[in-house]
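These notes are about the structure you will find just below.
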Amino acid sequence: AVNTTGSKITVDGVTLTTTDGGTSTRVWNSQGTFTLRVYDGGSVKLAVASGSITGITVNAYSDTNFSLKADKGTYTVNEKTGTWTGSVSNVSLVHSGSKNSQISSIVVTTSEDAPTGDGSGFTPDPTKYQLDSLAYMADLDDGTEFQFTTEAFVNYQSGGYLYLQQIDEDGYAWAGLVYGNCCKEYKIGDIIPAGWTAKKTTYKGLVEATTPAGFENSIKTVSDPYYYEAFDMTGYLDDILDADQAWENFKVIAVGVKLSAIDDSGNFTMTGEGSDGTDVDVPGFNKFKIDYPTDLDADYTVEAMVTIYNNNYQIFPINIEKYEYTTKLWKVTYYGEEDGTQLTLNDSLYVATPIEDLVSGKKLIYVTDNVESILYDEYAAWGYTWYEDWYPDWIALDFTGNDELYNKVSQMTVIAPNTVKGVITGSLTDPVLAVNSEPEELAVEDPEDIKTYIYELGGENGFYPAPAENLILMGATYHVASDGKCYAQHLADDNSVAVELVFDNYAPALKSDINEGDEITVFAVAKLLEPWEVSDDTSAPKKAAKQAPSKSKAKVAPAMSKKVAFKADPYAENYTDNIKLYVLDIEATPTAVEDITAKTVASVEYVNALGQTSKVAHDGFNVVKTTYTDGTVKTSKVIK
Numbered sequence: 050a051v052n053t054t055g056s057k058i059t060v061d062g063v064t065l066t067t068t069d070g071g072t073s074t075r076v077w078n079s080q081g082t083f084t085l086r087v088y089d090g091g092s093v094k095l096a097v098a099s100g101s102i103t104g105i106t107v108n109a110y111s112d113t114n115f116s117l118k119a120d121k122g123t124y125t126v127n128e129k130t131g132t133w134t135g136s137v138s139n140v141s142l143v144h145s146g147s148k149n150s151q152i153s154s155i156v157v158t159t160s161e162d163a164p165t166g167d168g169s170g171f172t173p174d175p176t177k178y179q180l181d182s183l184a185y186m187a188d189l190d191d192g193t194e195f196q197f198t199t200e201a202f203v204n205y206q207s208g209g210y211l212y213l214q215q216i217d218e219d220g221y222a223w224a225g226l227v228y229g230n231c232c233k234e235y236k237i238g239d240i241i242p243a244g245w246t247a248k249k250t251t252y253k254g255l256v257e258a259t260t261p262a263g264f265e266n267s268i269k270t271v272s273d274p275y276y277y278e279a280f281d282m283t284g285y286l287d288d289i290l291d292a293d294q295a296w297e298n299f300k301v302i303a304v305g306v307k308l309s310a311i312d313d314s315g316n317f318t319m320t321g322e323g324s325d326g327t328d329v330d331v332p333g334f335n336k337f338k339i340d341y342p343t344d345l346d347a348d349y350t351v352e353a354m355v356t357i358y359n360n361n362y363q364i365f366p367i368n369i370e371k372y373e374y375t376t377k378l379w380k381v382t383y384y385g386e387e388d389g390t391q392l393t394l395n396d397s398l399y400v401a402t403p404i405e406d407l408v409s410g411k412k413l414i415y416v417t418d419n420v421e422s423i424l425y426d427e428y429a430a431w432g433y434t435w436y437e438d439w440y441p442d443w444i445a446l447d448f449t450g451n452d453e454l455y456n457k458v459s460q461m462t463v464i465a466p467n468t469v470k471g472v473i474t475g476s477l478t479d480p481v482l483a484v485n486s487e488p489e490e491l492a493v494e495d496p497e498d499i500k501t502y503i504y505e506l507g508g509e510n511g512f513y514p515a516p517a518e519n520l521i522l523m524g525a526t527y528h529v530a531s532d533g534k535c536y537a538q539h540l541a542d543d544n545s546v547a548v549e550l551v552f553d554n555y556a557p558a559l560k561s562d563i564n565e566g567d568e569i570t571v572f573a574v575a576k577l578l579e580p581w582e583v584s585d586d587t588s589a590p591k592k593a594a595k596q597a598p599s600k601s602k603a604k605v606a607p608a609m610s611k612k613v614a615f616k617a618d619p620y621a622e623n624y625t626d627n628i629k630l631y632v633l634d635i636e637a638t639p640t641a642v643e644d645i646t647a648k649t650v651a652s653v654e655y656v657n658a659l660g661q662t663s664k665v666a667h668d669g670f671n672v673v674k675t676t677y678t679d680g681t682v683k684t685s686k687v688i689k
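Reading the sequence shown from the start, the letters are residues 50 to 689 in the numbering used here.
Okay, structure coming up:
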């Protein structure tokens, strides 16, 4: 093989250059038989410096390895011969497919005359109106025959319905419908070469391009799939029905909507939220003969093309799927959810500790998403998202009444995404999910950074970062009893009170060896008393006003502001006043391992808060299990 990369070959005024595909374009010598081989995505370009190329014949070595398409002009293939016609100064032949194109020879016919086309690959038809944008098709008189002089890409195709879209230089999307048999089948994102012809028609209020002709194969696709994704109209369904918004022939999607009034003819009604928060009914028709659902009590995601029939807007669905509400744990913390909502958590969840609540009788397992940054996507419909630093979020999973499942999940290390499902309560303070399906374990290595889960209760600066709801805490602090309550108190270097947190369920009688002022070791869960309010700091960002998506797809929307999270604000002066500690365990000064007489000890094991066992102490909180030679076992707690 000899690669042709970077080569320029000129014969009788015709220059051949190549580009590489998945494999370099190359000349292949097979025992004296030479072929030019072009691989997926590679091309051969033929050009003249003056005059024009008017014909090309491509002779294939093998018709099973011959999948070329031309970027302009007309190119047809008959067995082992490809024939191109047109009048241009240059043309590229592009290979697409899993095999390669094997070319034996290329014969180029040239003319001294200038190209009759404009270099875009088609010959202008002087008998037809030259239309250069889908934006202006509606302005033509009905019956006008036109030739389309620019490229457009395929947004959807079904039978005689070919939906096209363009992005103008300002980044706005324009849509159009070609109705009729264009004699080609395209994929979404295919770019259709210029030069096709049609007639402008208005049918019952809908602008169409009818009697299509001259459609060529696509050899290019839109590089960014974002441009042919459906516009998300969730929460703005009234916009679809507003003629001033002109959504006809665009592809839209609505999430969590209801379907009703489905009849045998294919008519139905889609109901969802409008921009003012009230329900909006959008009529639909099963034009593309997709399978309709039978469970009308469920919520659905509907992807559809917007159309007009008898001057009224309606939708033609292209895909309907049952909608299962999934959310990231940080959004439960950030936004809160209405209590009683069925949730599916779309996170890998790390099991921290199972707890049998002696007060309520509940069996809880505390888990965290362990994320330290989040993708903030509230304004994704506007094309604007960002990542920001974040503290891991926590939630309690309630398995009360299902001891078998509680014991099974307690032994897991990581729970798979979208397998934790249940009903939320306490979402604005201490969220608890009453689990009503069996979670699945995710087969991954044990988490390396255990300290990500367990925050130290006391420290040089007291609490930082601020404890959030359901956060597992541990550490050394001091016990203080006053005003009828018990507190964990942390002193600053000058002996002033730096942090003081109330115990939710602890009284000195629970531990007879705990006295006022004793240094204690606490293992607890942080609980919130009230939801956090939006900061009054004028520098804090505020939520933007609600507005419908724009048809501007190419331009990035301006920066949007956002509201302050419900989770604890570490800059609030009184944030610890809103936190209570539900004590899981509490002890006076822990027994040091080295104080145990070695002669009587058979083994020592250290268990961290995740239940992981080691022969050496973990960083942070440890339950020490000491087994003596007489068979007795003693447990204590230490902090490394």
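Virtual Cβ for every residue (Gly too), placed ideally from N, Cα, C.
Quick check on DSSP: helix, strand or coil for residue i?
i, result
"Ala258", "strand"
"Ala184", "helix"
"Lys534", "strand"
"Lys457", "helix"
"Tyr384", "helix"
"Leu378", "helix"
"Asn78", "strand"
"Thr449", "coil"
"Asp553", "coil"
"Ala606", "Caution is warranted here: a pLDDT of 34 is assigned to Ala606, below 50, making its placement in the model unreliable, and the coordinate value is therefore given only provisionally. Coil."
"Asp396", "coil"
"Asp479", "coil"
"Thr474", "strand"
"Thr28", "Since the first residue of the chain shown is 50 and the last is 689, residue 28 is not available in this structure."
"Asn627", "helix"
"Asn485", "coil"
"Val331", "strand"
Going by the beta-carbon positions, is the gap between residue i and residue j smaller than 7 Å?
i, j, result
"Ile569", "His539", "no"
"Phe171", "Ala243", "yes"
"Tyr372", "Thr350", "yes"
"Lys253", "Ala279", "no"
"Gly321", "Leu286", "yes"
"Tyr455", "Lys412", "yes"
"Ile58", "Val143", "no"
"Asn127", "Gln151", "no"
"Arg75", "Thr106", "no"
"Thr199", "Asp181", "yes"
"Leu633", "Ala537", "no"
"Leu183", "Trp223", "yes"
"Leu477", "Pro342", "no"
"Ile414", "Val458", "yes"
Please return the same chain residues whose Cβ sits closer than 6 Å to the Cβ of residue i, not counting the five positions on each side in sequence.
i, result
"Trp245", "Phe197, Gly263, Phe264"
"Thr468", "Pro488, Glu489"
"Asp586", "Note that Asp586 has pLDDT 38, beneath the 50 cutoff, so the model's placement of it is unreliable and the number below is only indicative. Same-chain partners within the cutoff: there are none."
"Thr283", "Ala303, Val304"
"Thr70", "A small fix is needed here, since residue 70 is Gly in this sequence, not Thr. Counting only Cβ-Cβ distances below 6 Å, and skipping sequence neighbours, we find Tyr88, Asp89, Gly90, Gly91."
"Val329", "Leu286, Asp287, Gly323"
Keeping to the same chain, check which residues put their C-beta closer than 7 Å to that of residue i; ignore five residues upstream and five downstream.
i, result
"Gly229", "Gly209, Thr259, Thr260, Pro261"
"Gly104", "Trp133, Thr134, Thr158"
"Asp396", "Lys377, Leu378, Asp418, Pro466"
"Met186", "Leu180, Gly225, Lys249, Val256, Ala258"
Note down, in chain order, each residue of its chain lying with its Cβ closer than 8 Å to the Cβ of residue i, except the 5 sequence neighbours on either side.
i, result
"Ile691", "In the structure displayed, the chain extends from 50 to 689; residue 691 sits before or after that span and is not available."
"Thr270", "Phe202, Lys236, Gly238, Asp239, Ile240"
"Gly385", "Ser476, Leu477, Pro580, Phe615"
Could you tell me the distance, in whole angstroms, from the CA atom of residue i to the CA atom of residue j?
i, j, result
"Leu446", "Thr402", "11 Å"
"Val60", "Val137", "18 Å"
"Val87", "Asp112", "14 Å"
"Pro480", "Pro366", "37 Å"
"Asp348", "Ile369", "10 Å"
"Asp281", "Val140", "39 Å"
"Tyr205", "Asn359", "23 Å"
"Glu234", "Ser145", "16 Å"
"Leu394", "Gly323", "26 Å"
"Ala483", "Gly471", "5 Å"
"Tyr212", "Val93", "31 Å"
"Thr99", "Leu117", "Strictly speaking, residue 99 in this sequence is Ser, with Thr absent from that position. Approximately 25 Å between the Cα atoms of the pair."
If you measure from the CB of residue i, is any heavy atom of the ligand HEM nearer than 6 Å?
i, result
"Ala483", "In the structure shown, the ligand HEM is absent, as is every other ligand, since no ligand is present at all."
Would you list, in sequence order, the uninterrupted alpha helix (DSSP H) runs of no fewer than 4 residues that lie entirely inside the segment 232-312?
-> Assignment of alpha helix (DSSP H) within the segment 232-312, counting only whole runs of 4 or more residues, yields 286-289 in chain order.
Please specify which runs of the alpha helix (DSSP H), each continuous and at least 4 residues long, are wholly inside the segment 118-152, giving them in chain order.
-> Counting only runs of 4+ residues, no alpha helix (DSSP H) is found wholly inside the segment 118-152.
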